[in-house]
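See structure below.
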Amino acid sequence: MSDYSVKLYNSYNQQLEPFQLKADGAPVSLYVCGITPYDTTHLGHAFTYTTADIFIRYLAYCGQPVHYVQNVTDIDDDILQKAAAEGEDWRQLGNRWTRHFIEDMQALNVRAPDEFPRATETIPQIITRVEALVDQGVAYPAAGSVYFDVDSWSDFGHLSKLPRSEMLPVANERGNHPDDPHKRHPLDFVLWQAQAPGEPSWASPWGQGRPGWHIECSTMATQLLGETIDVHMGGSDLLFPHHECEIAQVTPLTGKRFVRYWMHIAMVRKDGEKMSKSLGNLVMVRDLLERFSPNAIRLYLGQHYYREPWSYEEEELLAA
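Here my numbering is used: the first residue of the sequence shown is 157, the next is one more, and so on.
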């Protein structure tokens, strides 16, 4: 193992750093943010998970085992809205799209994670984590919800390097509700969300409700991989607020660095815009698999540097 060397660009420090392989045979702990299963897998998803797959396979080539966890955010506003619009049970919808995602990844020969936890299976642990944050004085209950107090955590913003004035517009684009009257600060984020009429909920010390997005990931990650994770990977659009909020939720409780190496995968574009459901410019993996071999798609994805945004061009895929 000593004959191999690895360097990773660490988003936390914004520099290339040596990655220390473990001489004692212990596995590298890897957490990759998973899908919110309410629609089909697109090329941007495939780029993230094939990048993780290449990383894991290279470490295996170096003789380094990996403990790989990838979550499923199976309770979320997007799932509930899609289920209501289609008249489908939210659980059935989530299970169906999770199954399709697994099939797509299998078709691309992407190794399955060692553990594939769902947020709904982690509710008791999430509630315990939220209670601890309230006891620590960095979170506060209000009107049946619980919020993280960003002003209580002086390191908030270290990962993203964004000034507060730039944080709010980005957070608002990604699910933040700055006008929530129960917040102390517009950037405070929900740890536990009070039940809305007709929505699924779980019992908690603050009443019926469901977990916030950020606390789901940080709880599943630390529950399965420990207080400090070697590598945390995800799309670059998750750096803020999602990953910033994960750090803020974990570090006050452990007093330890949450993640040693942050790896962020660049966005895939089409027609000059980021692929997104709202723009309607998604390139679906299932559609590509009907026309191209899985190996050609993997080769096409692997030709792109994971930290540089790139645009889908069918001519390039035809040449792969």
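Think of the CB as a built atom: it goes at the ideal place given N, C-alpha and C, for glycine as much as any other residue.
Beta-carbon proximity check, residue i vs residue j, cutoff 8 Å
| i | j | result |
| --- | --- | --- |
| MET431 | HIS198 | yes |
| VAL228 | THR254 | yes |
| PHE345 | HIS370 | yes |
| TRP418 | LEU324 | no |
| GLN413 | THR384 | The amino acid occupying residue 413 in the given sequence is Arg; Gln does not appear at that position. Contact flag set, yes. |
Residues bridged to residue i (per DSSP)
| i | result |
| --- | --- |
| LYS163 | PRO174 |
| TRP309 | Partner(s): none; TRP309 has no beta bridge. |
| MET440 | HIS198 |
| PRO297 | VAL302 |
Beta strand (DSSP E) segment containing residue i, residue limits
| i | result |
| --- | --- |
| HIS223 | 222-226 |
| HIS388 | 385-391 |
| ARG416 | 415-421 |
| LEU186 | 184-188 |
| GLN349 | 345-350 |
| VAL424 | 424-426 |
7 Å Cβ shell around residue i - same chain, five flanking residues per side excluded
| i | result |
| --- | --- |
| ASP427 | ASN437 |
| LYS147 | No statement about residue 147 is possible, as the shown extent of the chain runs from 157 to 476 and does not include it. |
| ASN166 | GLU173, TYR417 and TRP418 |
| THR378 | VAL406 |
Rounded distance between the beta-carbons of residue j and residue i, thought under 8 Å
| i | j | result |
| --- | --- | --- |
| VAL478 | VAL222 | No statement about residue 478 is possible, as the shown extent of the chain runs from 157 to 476 and does not include it. |
| ILE279 | TRP348 | That pair is no contact at about 10 Å. |
Segment limits, alpha helix (DSSP H) that includes residue i
| i | result |
| --- | --- |
| GLN248 | 246-263 |
| PHE483 | This structure leaves residue 483 out entirely; the chain is present only between 157 and 476. |
| TRP369 | 369-381 |
| VAL326 | 320-329 |
| THR407 | 400-410 |
Cβ neighbours of residue i in the same chain (closer than 6 Å, five flanking residues each side left out)
| i | result |
| --- | --- |
| THR192 | THR229, ASP232 and ASP234 |
| TYR462 | THR207 and ILE421 |
| GLY391 | THR204 and ILE421 |
| LEU455 | ALA476 |
| TRP246 | ILE235, LEU236 and ALA239 |
| ILE283 | SER360 |
Close beta carbons around residue i, own chain, < 8 Å, minus the five adjacent residues each side
| i | result |
| --- | --- |
| GLY363 | GLY300, ALA350 and GLN351 |
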